[in-house]
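In what follows, a structure is listed as structure tokens, so that the remarks can point back to it.
Number of protein chains: 2
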Amino acid sequence: MVDSGANVRTRLAAAVGAANVLTESPDVEPYVTDWRGRFHGRTLAVVRPANTAEVADVVRICNEARVPIVAQGGNTGMCGAATPDAMGYEVVLSLTRLDRIRAVDGDNATITVEAGVPLAQVQQAAADAGFHFPLSLASEGSCTIGGNLSTNAGGTAVLRFGNARDLALGLEVVLADGRVWNGLRGLRKDNTGYDLKQLFIGAEGTLGIITAAVLKLFPKPVASVTALAALADPAGAVALLRTLKRGLSDRLVGFELISAPALAICRKHHPDLPDPVPGHPWYALVQIDDSGSASALSEQVENAFADAVESATALDVAIAQSEEQAHALWALRENISESQRREGPNIKHDISLPVSAIPEFLETSHDALSAAFPGAQFVIFGHLGDGNLHYNLAAPTGADAHAFMEHAPRANRIVHDLVAARGGSISAEHGIGQLKREELARYKAPVELEMMRAIKAALDPAGLLNPGKVL
Amino acid sequence: MVDSGANVRTRLAAAVGAANVLTESPDVEPYVTDWRGRFHGRTLAVVRPANTAEVADVVRICNEARVPIVAQGGNTGMCGAATPDAMGYEVVLSLTRLDRIRAVDGDNATITVEAGVPLAQVQQAAADAGFHFPLSLASEGSCTIGGNLSTNAGGTAVLRFGNARDLALGLEVVLADGRVWNGLRGLRKDNTGYDLKQLFIGAEGTLGIITAAVLKLFPKPVASVTALAALADPAGAVALLRTLKRGLSDRLVGFELISAPALAICRKHHPDLPDPVPGHPWYALVQIDDSGSASALSEQVENAFADAVESATALDVAIAQSEEQAHALWALRENISESQRREGPNIKHDISLPVSAIPEFLETSHDALSAAFPGAQFVIFGHLGDGNLHYNLAAPTGADAHAFMEHAPRANRIVHDLVAARGGSISAEHGIGQLKREELARYKAPVELEMMRAIKAALDPAGLLNPGKVL
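From first to last, the protein sequence lines are chains A and B.
Under the working numbering, the residues of the first sequence are numbered -7 to 463, in order.
Under the working numbering, the residues of the second sequence are numbered -7 to 463, in order.
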């Protein structure tokens, strides 16, 4: 029997306290709209449990009443995974009150945190203990670590440290029926059966609710170099990446590709930012960190770039001479999205490819899109070191930017077909949510979709965890 | 209807050629006994397909006839996962003929290999292309990469490079019904649904048959230092690990703990090996590599160890001055198992713990086991950097070593209870197979076992993939 909404609300209030069950319109509003304002939903209630036991109670109540659950962290997702649907039958389970750092283990180099801790606070707690937690994203002040794990967040240090998945050693998860799985292990080696935590990471709340995690910590960087290299073309970027990997190995932490138009838009809206190697078609912003003491980093970096310039892999290089200069170079990269938004809407893609396939892909896709949308502007940047491009298309100069957005489905088809044909991914770091669900169904092989559905049915047989997302 | 064995053999011969279906006793023998000689089975047939399509045919035939399949690589596993049971109804599916290096992609830093390629050949192919493939194990000449992935192999470079799992970007898998899942992606970022490859890695052939993989490649080390540090106790080892991580960061590749008795047994059987810092109760063998050019490694290592000796974290340190000396130091570690075998059988444990928990665990377990088995000899060594110990117990001097083995169940109970109470693992890198299946059932929480069984039922509903292993 399906329970009535009022009855469910009463039971939820008994579980977490009436003050933590929001049902009125102004209270609920921030939880039912995604931050980009693309998705709007309604909800039976927003429930804010304080700890794992309360999360388990909430899930058990919802399971018994057959009420679907949308888990939500900082609500900073890009694909609407944390926004309920329009029917108003779903409960939003906000994890932001699970905000404790449970433990820091220096000898084990791990930190145990609850799902609702903002990423920046995880970083800070690590720093306070003398360590480095390398996950870093634009939204780190407001996104939560539970959301980062549930979406397998990427960011700017994946080249060296991997995605959120690679930073997690253990998880605590509330399962679809309200049972708690304590997988909070701080082990670097554990081969006792299937690695279940991997299923919940990146599942966007469709298989279970992550309530806590054991994360890896790293030594703090003691030396850093930031540089902007000018390049003739994307092939030059790939060659420079390879040269720097060979010369700097693990010290190469970030390698961001920026096209001249992307840089120009950023500098248009931020004219105080530097333009140290002007007049080239492509750039690479490179971050190099060293955590070892007595580091010879500056010399190594200078040698590596000297090799690159000598072999004409790089046309010119500016190396930041101070922390201020380093921040300014990074601001050139970090302000692209926001500058682009000021120019008007644009058709966005978050794609990845084998690094080796990127130059040819960029050429082919440029030709195909230029033929389909004459005069369209390309704003291309992203984490080339990870094969991840933010590949954006804007209206031709003078054209109506909003009207241009109607071309999105056709542009998506061209881009995603070319990506798929090269073994790439239509969602490198943003996930699927509700935004790309149809694209996923289109591009995944039937056998893979079937396996995913079998896993979903195995762990959430009633289909109550974030229905309509991912699958 | 269950097909007759003869009929199945005929169909298998049609699929892979009669020469590749072994049924006679001497041919079959090497495939039905594990290399340590602990497990002996019988088989309907040993089938040796040549490629993925043939593997799919074999699995389809077995699925239709309801014949169980035991996948096997180099047959070097430690827990009997690749040995069929005694009934003789199971087919052994040998992957050793899938032995092609399919591709090396230098710009993407990946290699695509088939499951049957021996690990040493993967390393060699990487080296030939100017790269480093860091997975390294004692059995690397004969174990296969498919087996390494299926058991999530560890080894001596996990501290820096992770387990086999961390080195895989994509897999090709034949599913229980004979369909092929092509997940051979060479992507560093891909968030399009559940990360299915993670399920097959470490599943010991119970969820699917891995036929190929895309693996990560790394820059070759250009500078290396090997050192043997003498320590007062395991707490000193943990402190030294922390000091070296801070001073050397990623350059710290291996950190092996060796107890004085383990070293003594090794030197007894290999008297030519060095004893450069004699007379201490514990040792750490440390490997430090640098892949960056213009490396300041020697200076950094000397500084780091000078700090350690000054703070009395290390009592004494010998740094290898040549490649020969480095090999000799490593031989002290690598020959422990074999030297121990010459001394007679011993009760072995492959455990892991949070690194911080190891000193107290070693004290507590020593007391508990000494009380239970007065005079028992402890031979302790392992990958301390990963929290992984090979914790072995031998008969008291003069006692009957074979008779002592009867204590194994009681010793296991003491060791595993103490490990479990500290959040550790009863199988750090060797897996479960048939050897530790009952221990797994004992120590895993029911909720976790239930999830594993649900996953197993979802991907192998007829239960034909390696039954009786792991779960």
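Heads up, the beta-carbon is just placed ideally off N, CA and C, and yes, glycines get one too.
Predicted model only: the values in this text are computed from it and were never measured.
query                                                                                                                      : result
Thr389(B) burial status per 10 Å Cβ neighbour count (16 or more: buried)                                                   : exposed
Per-residue burial, Gly29(A) [other beta carbons within 10 Å of its own, 16 or more giving buried]                         : exposed
Per-residue burial, Pro480(B) [other beta carbons within 10 Å of its own, 16 or more giving buried]                        : Absent from the structure is residue 480(B), since the part of chain B shown begins at -7 and ends at 463.
Interface positions of the segment 139 to 165 of chain A facing chain B (Cβ-Cβ less than 9 Å), listed along the chain      : Thr143, Asn144, Ala145, Gly146, Val150, Leu151, Arg152, Gly154, Asn155, Arg157, Asp158 and Gly162
Cβ neighbours of Ile103(B) in the same chain (closer than 8 Å, five flanking residues each side left out)                  : Ile93, Ala95, Val96, Asp97, Val114, Ala117, Ala118, Ala121, Phe123, Phe125, Val206, Leu207 and Leu209
Interface residues of the segment 177 to 190 of chain B facing chain A [CB-CB below 8 Å]                                   : Arg177, Gly178, Leu179, Arg180, Lys181, Asp182, Asn183, Thr184, Gly185, Tyr186, Asp187, Leu188 and Gln190
Under the three-state DSSP convention, the category Tyr435(A) falls into                                                   : helix
Distance, Val47(B) Cα to Met(-7)(B) Cα                                                                                     : Its pLDDT being 42, under 50, Met(-7)(B) is placed unreliably in this model, and the value from its coordinates should be taken loosely. Computed Cα separation, rounded: 23 Å.
Spatial distance of Ala11(A) from Asn43(A) (CA atoms)                                                                      : 15 Å
Contact under 8 Å by Cβ, Ile424(B) with Ala360(B)                                                                          : no
Proximal residues of chain B, C-beta to C-beta of Ile418(A) below 7 Å                                                      : Thr184
Where the beta strand (DSSP E) containing Ala215(B) begins and where it ends                                               : Ala215 to Leu223
Cβ of Met(-7)(B) within 8 Å of any chain A Cβ                                                                              : Residue placement at Met(-7)(B) cannot be trusted, given a pLDDT of 42 that sits under 50; the coordinates are not used to answer.
Of the listed residues Phe365(A), Lys181(A), Asn338(A) and Gly154(A), nearest to Leu376(B) (C-alpha basis)                 : Lys181(A)
Test item: CB-CB of Ala395(A) and Ala368(A) under 8 Å                                                                      : no
Under the three-state DSSP convention, the category Met(-7)(A) falls into                                                  : Its pLDDT being 42, under 50, Met(-7)(A) is placed unreliably in this model, and the value from its coordinates should be taken loosely. Three-state DSSP puts Met(-7)(A) in coil, outside helix and strand.
Minimum C-alpha distance to Asp282(A) - residue among Arg259(A), Asn174(A), Ala412(A) and Val293(A)                        : Val293(A)
Gln190(A) - containing alpha helix (DSSP H), residue span                                                                  : Lys189 to Phe192
Inter-residue Cα distance where the pair is Pro263(A) and Asp308(A)                                                        : 22 Å
Proximity of Leu432(B) and Lys448(B) at Cβ, strictly below 8 Å                                                             : no
Whole-Å CB distance - Ser251(B) paired with Ile372(B), under 8 Å assumed                                                   : 4 Å
Nearest-angstrom Cα separation, counted from Ala(-2)(A) out to Pro337(A)                                                   : 41 Å
Cβ-based contacts, 7 Å cut-off: residues of the segment 240 to 268 of chain B near chain A                                 : Leu240, Ser241, Asp242 and Arg243
Proximal residues, the segment 65 to 81 of chain A versus chain B, C-beta separation under 7 Å                             : none
Distance between His341(A) and Ala145(A) (C-alpha atoms, nearest Å)                                                        : 16 Å
Contact check, Ala413(A) vs Phe365(A), beta carbons under 8 Å                                                              : no
Per-residue burial, Gln332(B) [other beta carbons within 10 Å of its own, 16 or more giving buried]                        : buried
Reduced DSSP category for Lys448(B) - H, G, I as helix; E, B as strand; rest coil                                          : helix
Simplified DSSP assignment, three categories, for Thr203(A)                                                                : strand
Within 8 Å of chain A by C-beta, residues of the segment 191 to 204 of chain B in sequence order                           : Leu191, Ile193, Gly194, Ala195 and Leu199
Interface partners of Leu432(B) on chain A, CB under 7 Å                                                                   : Thr184 and Gly185
Proximity to Glu302(A) [Cα-Cα], best of Ser86(A), Thr235(A) and Ala256(A)                                                  : Thr235(A)
Rounded distance between the beta-carbons of Ala420(B) and Asn183(A), thought under 8 Å                                    : 7 Å
Where Ala6(B) falls, given that 16 or more other Cβ within 10 Å makes a residue buried                                     : exposed
Given 8 Å, three or more beta-carbon pairs between the segment 349 to 357 of chain B and the segment 273 to 280 of chain B : no
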